[in-house]
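Mapping the first sequence onto the numbering used here, position 99 (from 1) lands on 1134, and the numbers just tick up by one.
Using N, Cα and C, we set each Cβ at its ideal position, and we do this for glycine too.
Comments concern the structure below.
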Amino acid sequence: MRQSKLFTKTKKEVPTDEVSKNAELLIRGGFIHKEMAGVYSYLPLGLRVLKNIEKIIREEMNAIGGQEITMTALQNPELWKKTDRWEDEKVDIWFKTKLKNDTEVGLGFTHEEPLTNIMKSYINSYRDLPCSVYQFQTKFRNEARAKSGIMRTREFSMKDLYSFSKDEVEHNEFYEKAKGAYKNIFQRLGIGHLTYLTFASGGSFSKFSHEFQTVTSTGEDTIYVDENKNIAVNKEVLDDETLGKLDLKREDLVEKRAVEVGNIFTLGTRFSDALDLNYQTENGDKKPVFMGSYGMGPTRVMGTIVEALADDKGIIWPESVAPFQVHLLSLGESEDVKKEADKVYDTLRKNNIEVLFDDRSEVSPGEKFADADLLGMPFRIVVSTRSMKENGVEVKKRNEEKGKVISLEELLNLIKNV
RNA sequence: CGGGGCAUAGUGUAACGGUAACAUGCAUGAUUCGGGUUCAUGCGACUCUGGGUUCAAAUCCCAGUGCCCCGACCA
């Protein structure tokens, strides 16, 4: 992609109506556009990041047998009345609207009800179990207070997977697999070292759930981390009984601020009972399906990565999610340099390396460097009279201070081997 | 949902109750080319909305709306 053609532009000034680091950097870099409080559009660079995050999540969900579908945002109240989650007194974050004929519909904030209902058409026998189904979908939550840029919004993308098992034993097997998949995901997203499996409240479903909490100073949650055991406990369930059960000692715990980037729940038969999702056992008995739910928001993950990894110059994208692997800068107006930069651009693309090419003329080197730091691609490559004198291109990683000049072949090897 | 703050060119900020300014951005022309280079000229605002006070309101008062922050909530 030639930066001269990219319709978004970077901004020097920080938006006054955003304080959070993720919103500031993502807006200044032109990754997102704010429509209103808690509602953001994703522009070309931002969408690329989001797609990369989704891809990783999708691969890991598929790896544990998840089957992808897409459900509707519009929700039929009848289903939600059966589980007692329609009334505003029970769920205060509904967005509700009406059809022309005055029938009420809701905008989904989660999808246990519709999916459980769908599965009634397909799960009849123990032979149909276990199975798991997921989607990426826009969720709507009428939050009393949206905050922290894209971390807590009213409209956001979420991957939600639901598991269906014969009983708790079978469920627990899948639950452990899902836990492993989540760990893989955060590892691949470049925030694994900051993300802790965290014991948290199970809400109305069960005693505990597991959250994945990424440590950042701006996090909403307070967690207590046992750094040796690599697990944490959410403040909301921190008491002696819990610690005893988890075999943790208070003096081993360190308090940290963190962002909840994933949450996995044992639902049990709460939804299958209410909506009549049953199956027949080998000997013909009828039993409710045992369920679990597994959420993760790509948009929130994106914000978390920015919050956790950025420095004072801008964003630092991990290679796995960066909109482009390489930011190629052409410095100066010399025709030789321009020609050489074009050649490097073509070579990189021929080798299937995604590259943002800052081919803008009449933009000073300083401005290009500043933009490269702000936009945060993993590799910055400079073509200039200086680099040409040394018969190569200058390469610098975003998190390194100094670059070095290497040949084009060396560069290709370097990038391909990451 | 409780509390606090803010609202002025695209963006960031100024302006005693008296013709709305500066920076940035954008346009044009020079200049420069390894860390947001320098200069000239120009474009760009019913000062959030509605009321009120006043000869006169961006400025004072009231109401509304929007945005940010703290807290509560967070299936």
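- From the listed residues G1101, K1040, S1055 and S1419, the smallest Cα separation to K1212 is found for G1101.
- The Cβ neighbour count for E1429, taken over all protein chains shown within 10 Å, is at least 16; the residue is labelled buried.
- Its chain contains F1234 and Y1259 as the residues whose beta carbon lies nearer than 6 Å to that of V1268, once the 5 sequence neighbours on both sides are disregarded; these appear in chain order.
- Within the DSSP secondary-structure output, K1322 pairs in a beta bridge with Y1314.
- Burial state of D1347 is exposed, judged by a 10 Å Cβ sphere holding fewer than 16 other Cβ atoms.
- The DSSP-derived three-state label of K1264 is coil.
- The Cβ-Cβ distance between Q1170 and T1105 falls below 7 Å.
- Spanning the alpha carbons of G1073 and G1297 requires a straight line of approximately 19 Å.
- Ranking G1367, Q1110 and T1339 by CA distance to the CA of V1084 puts T1339 first.
- Assignment of S1307 by DSSP, reduced to helix, strand and coil, places it in the helix class.
- When secondary structure is reduced to three states using DSSP, H1228 falls in the helix class.
- With a cutoff of 7 Å on beta-carbon distance, Y1077 and K1069 are scored as not near each other.
- With distances taken between CA atoms, P1400 lies nearest to T1420 out of K1385, P1413, T1420 and G1411.
- R1063 and G1303 have their C-alpha atoms spaced approximately 45 Å apart.
- Within the same chain, Q1038, L1364 and K1403 come within 6 Å of D1393 by CB-CB distance, once the 5 residues on both sides are set aside.
- The residues W1129, in chain order, have a CB closer than 7 Å to that of D1123 in the same chain once the five nearest residues on each side in sequence are set aside.
- For the region 1054 to 1138, the full-length alpha helix (DSSP H) segments reaching 4 residues or more read 1056 to 1063, 1079 to 1098 and 1112 to 1117 along the chain.
- Annotated three-state conformation of S1422 is helix, per DSSP.
- In this structure, DSSP gives I1350 a state outside helix and strand, which the three-state scheme calls coil.
- Residue burial annotation: P1165 is buried, with at least 16 other C-beta atoms found within 10 angstroms of its C-beta.
- By the Cβ criterion, the region 1375 to 1394 is not in contact with the region 1322 to 1342, since fewer than three pairs of Cβ atoms, one from each stretch, lie closer than 8 Å.
- A1293 is positioned such that its CB atom lies no closer than 7 Å to that of Q1360.
- Taken through DSSP and simplified to helix, strand or coil, Y1217 comes out as helix.
- Contact check between the region 1190 to 1199 and the region 1144 to 1161: three or more CB pairs, one atom from each, fall below 8 Å, which counts as touching.
- DSSP, reduced to helix, strand and coil, places D1163 within a helical segment of the structure shown.
- Scanning L1447, K1424, L1449 and F1414 for the CA closest to the CA of K1432 turns up F1414.
- Here P1079 is exposed. Its C-beta has fewer than 16 other C-beta atoms within 10 Å.
- Between the alpha carbons of G1349 and R1176 lies a gap of roughly 30 Å.
- With 16 or more other CB atoms across the displayed protein chains lying within 10 angstroms of its CB, G1065 is buried.
- When DSSP states are grouped into helix, strand and coil, R1189 belongs to the coil group.
- Beta bridge pairing from DSSP links N1269 with I1258.
- For D1275, the enclosing alpha helix (DSSP H) stretches over residues D1275 to L1281.
- Per DSSP, I1441 lies in no alpha helix (DSSP H); the unbroken beta strand (DSSP E) holding it starts and ends at K1439 to I1441.
- The DSSP-derived three-state label of I1416 is strand.
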